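For reference, the structure discussed in these notes is given below.
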Amino acid sequence: MKREDVLKFYAEEVEEIRNAGLLKGESPITSPQGAKVVLQDGREVINMCANNYLGLANDQRVIEAAVRSYQERGYGLSSVRFICGTQDVHKKLEETISRFLGMEDTILYSSCFDANGGLFETILTAEDAVISDELNHASIIDGVRLCKAKRYRYKNNDMADLRAQLEAADAAGARIKLIATDGVFSMDGIIADLKGICDLADEFQALVMVDDSHAAGFVGSTGRGTAEYCGVTGRVDIITGTLGKALGGASGGYTSGRKEIVDLLRQRSRPYLFSNTLAPAIAGASIEVFRILEQDTSLRDHLESLTSYYREQLTEAGFDIIAGVHPIVPIMLYDEKTAAAMAARMMEKGVYVVAFSYPVVPKGKARIRTQVSAAHTKEDIDYIVKCFKEVREELGL
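Residues -3 to 393, numbered by the working numbering, are exactly what the sequence shown covers, in order.
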């Protein structure tokens, strides 16, 4: 094809997405992230779609820690870790994360996408097998695609099907078996059955990997994540996660796990070996985040209480939500255009929400994924539910 024909083909693809009601737009904000944000047109809206679970994205203590880091450690290191890209703050942060999660060692990445992308091909070969939940995050899916291990997929949180896939991997002669799952499935707010997974892993002598990006800092009685929540602390071999959600909301990721695994990742994980080190300011600010979380559980306690109240209000109002306890609360609408229309009307009323549709979720499963933050108030929640009820009536749903 000629260049102009190629570009026309791409333009037509985008137009098809638009006509199907699946176009994903952007709404620039001109303020820091928080319970309320200011849009480019000057409107202030309540933000119900951020991963800012603990409200730390604009916490003054975190900001001051970042400023100190800029003054003491500079802006960036212009290098990868094994050359001259490792500062003391990187080692301290790795030690802090390991202590917080109760793991043996930790390795930092520029994102959790990179952590997942650099994991599977490093520790698995064609002789091995990876058994992955069907609803795992795209970063796990892409990471698995990069490795040569035989792939098995089990139905979401279905322990009977996981057993069947482990049996199939054994029958095929797999040397190493690795079970991979999200700790919290981000589109639904469902927490993985880690107790069932770890029990099967013990039975079949498999390793367990959990991406806890939507759990670290606030799930579990002290915020140690889904392993704590499910009572399997110490039984998970690998935990990946992000510093870009509850843990300050900037960027950066990590893999925590058995020392032997982390040692190998430092030698062979391509995103670690060939990407610039995490910015010193993010490392310094993240250390402060963990200091705050280790000090007390007030933020996660408030979040838990507010989430329970929000879920109760939506249920009483008759909205179709996915049951659970997580601050991810999807309002199921199923039709893509209906979801987009509701999101637009909510924005007009001063509530920032986004419609999720294919390919982010399966076709016919469109929704508005709302997310509670510890920065919200009970009054915020009351107003949000009131607006959802009004828009539902206005749209005749």
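Don't be surprised by glycine CBs; every beta carbon is placed ideally from N, CA and C. Small disclaimer: the values here were computed from a predicted structure and weren't measured.
(Q) According to DSSP, is P267 part of a helix, a strand, or is it coil? (A) helix
Q. For the beta strand (DSSP E) that V63 lies in, which residues bound it at each end?
A. Segment Q56 to R69 is the alpha helix (DSSP H) holding V63; no beta strand (DSSP E) there.
(Q) Going residue by residue through the segment 203 to 288, where are the continuous alpha helix (DSSP H) segments of at least 4 residues, counting only ones entirely within it? (A) 222 to 225, 255 to 264 and 266 to 269
Q | Inter-stretch contact at 8 Å, needing at least 3 Cβ pairs: the segment 79 to 91 / the segment 282 to 299 | A | yes
Q: Quick one: which unbroken beta strand (DSSP E) runs of 3-plus residues sit fully inside the segment 66 to 121? Chain order, please.
A: 101 to 105
Q | Alpha-carbon spacing of F400 relative to L190, whole angstroms | A | Since the first and last residues shown for the chain are -3 and 393, residue 400 lies out of range.
Q. Is it the case that the Cβ atoms of A277 and A7 are separated by a distance below 7 Å?
A. no
Q: Using DSSP bridges, identify the partner residues of T177.
A: V206
Q. If we ignore side chains and look at the alpha-carbon of each, how far apart do E300 and R(-1) end up?
A. 54 Å
Q. Do G245 and Q36 have their CB atoms nearer than 7 Å?
A. no
Q. For I364, which beta-bridge partners are listed by DSSP?
A. I327 and A351
Q | Ranges of the beta strand (DSSP E) found wholly within the segment 134 to 170, counting only runs of at least 3 | A | 146 to 150
**Q.** Buried or exposed (CB count within 10 angstroms, at least 16 for buried), E90
**A.** buried
Q: Have a look at S27 and E40 and give me their C-alpha separation to the nearest angstrom.
A: 9 Å
Q: Compare the C-alpha of M205 against each of G179, E375, D331 and G70 and name the closest.
A: G179
Q. So what's G126 in DSSP terms, helix, strand or just coil?
A. Going by the sequence as given, residue 126 is Val instead of Gly. It is a strand residue.
Q.
Please return the same chain residues whose Cβ sits closer than 7 Å to the Cβ of L18, not counting the five positions on each side in sequence.
A. E332, S353 and Y354
Q.
Taking the straight line between their C-alpha atoms, what separation do you get for M(-3) and H210?
A. 43 Å
Q. Within the chosen definition, does the segment 101 to 115 reach the segment 257 to 265 through at least 3 CB pairs nearer than 8 Å?
A. yes
Q. Looking at C-beta atoms only, is the number of pairs between the segment 91 to 99 and the segment 226 to 241 that lie closer than 8 Å three or more?
A. yes
**Q.** Option nearest F270 by Cα separation, candidates V350, Q291, Y105 and V34
**A.** Y105
Q: Could you spell out where the beta strand (DSSP E) holding I42 opens and where it closes?
A: E40 to N43
Q: Taking I172 and Y148 to be in contact with their CB atoms under 8 Å, please state how far apart those CB atoms are, rounded to whole angstroms.
A: With a Cβ gap of about 13 Å, I172 and Y148 do not count as contacting.
**Q.** Exposure of E11, with buried meaning 16 or more beta-carbon neighbours within 10 Å
**A.** exposed
**Q.** Strand pairing of L35, partner residues [DSSP]
**A.** I25
**Q.** Cβ shell of L274 (< 7 Å), same chain only, five flanking positions each side left out
**A.** H86, L104, S106 and G248
Q: Since I believe P326 is in contact with D129 (beta carbons under 8 Å), could you give me their beta-carbon distance rounded to a whole number of angstroms?
A: That pair is no contact at about 18 Å.
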